[in-house]
Amino acid sequence: MPAPAQRRIIFQHIDEPGYTNDLACYQRHGGYEVLKKAVTRKPEELIDEVKKSGLRGRGGAGFPCGVKWGLVDRKSGKPIYLIVNADESEPGTFKDRYIMHQDPHQLIEGTMISCFANNVKQAYIYIRGEMPHGARILEKAIAEARAANFVGPNILGTGYSCEIFIHRGAGAYICGEETGLIESLEGKRANPRIKPPYFPAVLGLYQCPTIVNNVETLCHVKYIVEHGGEAYTKIGTPGNTGTRIFCVSGHVQRPGYYEFEAGKITMGQLLNEVCGGPLPGRTFKAVIPGGSSAKVMRFGERYKGKRKLGADLVDYDWGVEDVPMDFDCLAMVGTMGGSGGVIVMDDTVNMVEALANINAFYSHESCGQCTPCREGALWMKKITTRMVHGLARNEDAALLKSVADQIPGRTICAFGEACSWPTQSFIAKFGDEFKGYPEAKKAAKPANANELV
Amino acid sequence: MNLKPATLSSIDEVITHYPSKRSATLPLLHLIQEDIGHIPEEAIPWIAGKLEIQPINVYEVVSFYPMFRRQPIGRRHIKVCRTLSCALMGGYKTCAAFEQEFNTHRGEVSPDGEVTIDFVECLASCGTAPVVLIDDDLHEKVDATKVKQLSEQIKKEKAERLKS
Numbered sequence: 001m002p003a004p005a006q007r008r009i010i011f012q013h014i015d016e017p018g019y020t021n022d023l024a025c026y027q028r029h030g031g032y033e034v035l036k037k038a039v040t041r042k043p044e045e046l047i048d049e050v051k052k053s054g055l056r057g058r059g060g061a062g063f064p065c066g067v068k069w070g071l072v073d074r075k076s077g078k079p080i081y082l083i084v085n086a087d088e089s090e091p092g093t094f095k096d097r098y099i100m101h102q103d104p105h106q107l108i109e110g111t112m113i114s115c116f117a118n119n120v121k122q123a124y125i126y127i128r129g130e131m132p133h134g135a136r137i138l139e140k141a142i143a144e145a146r147a148a149n150f151v152g153p154n155i156l157g158t159g160y161s162c163e164i165f166i167h168r169g170a171g172a173y174i175c176g177e178e179t180g181l182i183e184s185l186e187g188k189r190a191n192p193r194i195k196p197p198y199f200p201a202v203l204g205l206y207q208c209p210t211i212v213n214n215v216e217t218l219c220h221v222k223y224i225v226e227h228g229g230e231a232y233t234k235i236g237t238p239g240n241t242g243t244r245i246f247c248v249s250g251h252v253q254r255p256g257y258y259e260f261e262a263g264k265i266t267m268g269q270l271l272n273e274v275c276g277g278p279l280p281g282r283t284f285k286a287v288i289p290g291g292s293s294a295k296v297m298r299f300g301e302r303y304k305g306k307r308k309l310g311a312d313l314v315d316y317d318w319g320v321e322d323v324p325m326d327f328d329c330l331a332m333v334g335t336m337g338g339s340g341g342v343i344v345m346d347d348t349v350n351m352v353e354a355l356a357n358i359n360a361f362y363s364h365e366s367c368g369q370c371t372p373c374r375e376g377a378l379w380m381k382k383i384t385t386r387m388v389h390g391l392a393r394n395e396d397a398a399l400l401k402s403v404a405d406q407i408p409g410r411t412i413c414a415f416g417e418a419c420s421w422p423t424q425s426f427i428a429k430f431g432d433e434f435k436g437y438p439e440a441k442k443a444a445k446p447a448n449a450n451e452l453v
Numbered sequence: 454m455n456l457k458p459a460t461l462s463s464i465d466e467v468i469t470h471y472p473s474k475r476s477a478t479l480p481l482l483h484l485i486q487e488d489i490g491h492i493p494e495e496a497i498p499w500i501a502g503k504l505e506i507q508p509i510n511v512y513e514v515v516s517f518y519p520m521f522r523r524q525p526i527g528r529r530h531i532k533v534c535r536t537l538s539c540a541l542m543g544g545y546k547t548c549a550a551f552e553q554e555f556n557t558h559r560g561e562v563s564p565d566g567e568v569t570i571d572f573v574e575c576l577a578s579c580g581t582a583p584v585v586l587i588d589d590d591l592h593e594k595v596d597a598t599k600v601k602q603l604s605e606q607i608k609k610e611k612a613e614r615l616k617s
């Protein structure tokens, strides 16, 4: 079956010739019309539209946005904050970058609609420190929006006021975790908080109710408020509504970002047709479907089971290429859709070396407050690095697995899972390569193989 | 602390963005690093005084976030992405090529004081790997040819600076 056409609702203007990131251009394309209408409606109606839409968060966890908003403590008498999570750092993910750099007003409009719906008076955009231009572009865009009365006091004469400020991170991946992000915004180390009791919706920023939403999620909110929650559910598939932006990187002919209706495209269509297949003379070996912490898939393996299709239970028997790219199907085959970052590895890659690269990342980024993660991530890195650059032993696979198995479920935040899943899945899927590594490393590497660690 | 007047006014402005002064710790560190080039020892008690917190509160932040540096570096900062997607496309070669161009090793200041090369983790531009951040500017698909071009540019700018 040929791949469906892209459906660009969020990336509509990305890379469009002549489209600039200033207010005038945004307004020529209908910008801020949705906000103008939204502020004449009841906030509860807007929340209902988002609930009806089934929108799931695009930061990685896929938690329903309407449910998240529904959990906010509105009776505390404390101010409610909204934080835009623009700390895009999951390896393999590069979508929010383009929204912020090329279409910042789309994010600001989505943010203001969400703030109005939730009676938020103060929002912060927490952007990665490594995106200084992005921060400046957003600051300029906010100033333009403020001058046009879309942000700031008495917005559009409604009596509703809301301010947005930019807050820059400083190179720590853990700030993408929402409670770590909140700590960081409070001026501290980004050590995630324990839940309960520190659910952001109840005890978030400054111990006040706080909504943390991803950049792309807030852009979807704007689309939903414009077209209605009901209309949004017609895009994508039940349970996976709307579009998804896939960020494809690694060994394909045409890496890049592609927006499709959720669940309407398979991994095979995405990689072979949209991205042009493997590089010349090579074959696909493995793919990580949702950011580097998602469990790896091995080309050639099969996934079998039963799944719900409408009211029926049907059998499925899929290869990697057959798996529909949505949260639920990817979860069914033992991995996750995560942030949409698809990393492709071909037959020049040695999986021990690829894992060593990933382990170095997680070891560097562990915040260090929970021992299993701090020590476990470090030792997984040390072992895989030793295998590559020092002595590799046949029993290393079992040792690595024993370290990885002791981390998940024993940490304050999901980083424990994120850092152990790569090791667990690489060993489960490519155990032969780990066992054979002491022999394999004696042989010459393929001439076109790149050093990975 | 010898900060530029523009930095001082930015500092006073940014503090007003937050209901709690302590929240301005990261913004102040960024502003000071942009002004001076690194975070000198004296900046820590200075920020603490400004934000009415303890010096340890500032120190623990400086030591946590990779972007803050305690020592001066080269005039130009070349950050090469090390993470998987870039490594798959030759990021390690890119880093080695820069090291050779400037006769230095990552983490060090080049002998002429011009550059510091570092490996950094994912820069969120994996589709155009390998990527390199030079000061504030992102450069995409940095292969051997592009390393050469970028290095020539940096050397040219150095020569022009020395002339003037």
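In order, the protein sequences belong to chains A and B. Counting from 1, position 291 in the first sequence corresponds to residue 291 in our numbering; the numbering is continuous, with no gaps. Counting from 1, position 125 in the second sequence corresponds to residue 578 in our numbering; the numbering is continuous, with no gaps. We put the CB at the ideal spot given by N, CA and C, even for glycine.
(request) Could you tell me how far apart the beta carbons of C370 (chain A) and G416 (chain A) are, in whole angstroms, since I believe they sit closer than 8 Å? (result) 7 Å
(request) Could you list which residues in chain B have their beta carbon closer than 8 Å to that of I343 (chain A), in chain order? (result) L537, S538, L541 and C579
(request) Identify the continuous alpha helix (DSSP H) that holds T569 (chain B) and give its terminal residues. (result) Not the alpha helix (DSSP H): T569 (chain B) falls in the beta strand (DSSP E), residues V568 to V573.
(request) Look up G239 (chain A) in the DSSP assignment and say whether it is helix, strand or coil. (result) coil
(message) Let's see if you can read the secondary structure: which residues bound the beta strand (DSSP E) around F260 (chain A)?
(response) G256 to E261
(request) Count the C-beta pairs between the region 62–75 of chain A and the region 96–108 of chain A that are closer than 8 Å, then say yes if the count reaches three, no if not. (result) no
(request) Quick one: grab the DSSP three-state call for P324 (chain A). (result) strand
(request) Could you tell me which residues DSSP pairs with T210 (chain A) in its beta bridges? (result) A:Y81
(message) Give me the residue from B:I492, B:P472, B:T478 and B:I464 with the minimum Cα distance to K188 (chain A).
(response) B:T478
(message) Quick check on this structure: which residue in A:C247, A:P278, A:G277 and A:V296 has the alpha carbon closest to the alpha carbon of E286 (chain A)?
(response) According to the sequence as given, residue 286 (chain A) is Ala; it is not Glu. The shortest Cα separation from A286 (chain A) among A:C247, A:P278, A:G277 and A:V296 belongs to A:V296.
(request) Apply the 10 Å Cβ neighbour rule to E49 (chain A) and answer buried if 16 or more other Cβ atoms are within range, or exposed otherwise. (result) buried
(message) Whole angstroms are fine: how far does the CA of G54 (chain A) sit from the CA of I137 (chain A)?
(response) 31 Å
(request) Give a yes or no on whether the C-beta atoms belonging to I245 (chain A) and E226 (chain A) are separated by under 7 Å. (result) no
(request) Pick out whichever of B:I489, B:N510, B:E487 and B:G490 has its Cα sitting closest to the Cα of P498 (chain B). (result) B:N510
(request) Note the first and the last residue of the continuous beta strand (DSSP E) segment covering C534 (chain B). (result) R529 to C534
(request) Would you please verify whether the beta carbon of E88 (chain A) is less than 7 Å from any beta carbon of chain B? (result) yes
(message) Check for me: the beta strand (DSSP E) holding Q106 (chain A) runs from which residue to which?
(response) It is not in any beta strand (DSSP E) - Q106 (chain A) instead sits in the alpha helix (DSSP H) that spans P104 to A117.
(request) Assign M387 (chain A) to one of two classes, buried (16 or more other C-beta atoms within 10 Å of its C-beta) or exposed (fewer than that). (result) buried
(message) Is there a C-beta anywhere in chain A that falls below 7 Å from the one on L479 (chain B)?
(response) yes
(message) Measuring only the C-alpha atoms, how far is Y232 (chain A) from T241 (chain A)?
(response) 7 Å
(message) On a Cα-Cα basis, can you pick out the residue from A:G157, A:E163 and A:N154 that is closest to A141 (chain A)?
(response) A:E163
(message) Just verifying my parser: in three-state terms, what is the DSSP assignment at M387 (chain A)?
(response) helix
(message) Please tell me whether L603 (chain B) has its Cβ less than 7 Å away from any Cβ of chain A.
(response) no
(request) Give the residues of chain B in contact with R168 (chain A), contact being defined as C-beta atoms less than 8 Å apart. (result) L479, P480 and H483
(request) Inspect the CB distances between the region 593–600 of chain B and the region 266–283 of chain A and report whether three or more fall short of 8 Å. (result) no
(request) Measure from the alpha carbon of Q253 (chain A) to the alpha carbon of each residue in B:M542, B:M520, B:H483 and B:A459, then state which is nearest. (result) B:M542
(request) Starting from the Cα of R58 (chain A), find the closest Cα among A:A86, A:T40, A:P79 and A:K52 and give me that residue. (result) A:A86
(message) Can you give me the C-alpha to C-alpha distance between A582 (chain B) and E574 (chain B), rounded to a whole angstrom?
(response) 13 Å
(message) Using CA atoms only, rank isn't needed, just tell me which of A:I288, A:G256, A:R282 and A:G281 is closest to C275 (chain A).
(response) A:G256
(message) Checking 7 Å against the spacing of the C-beta atoms, do I587 (chain B) and I531 (chain B) come in under that value?
(response) yes
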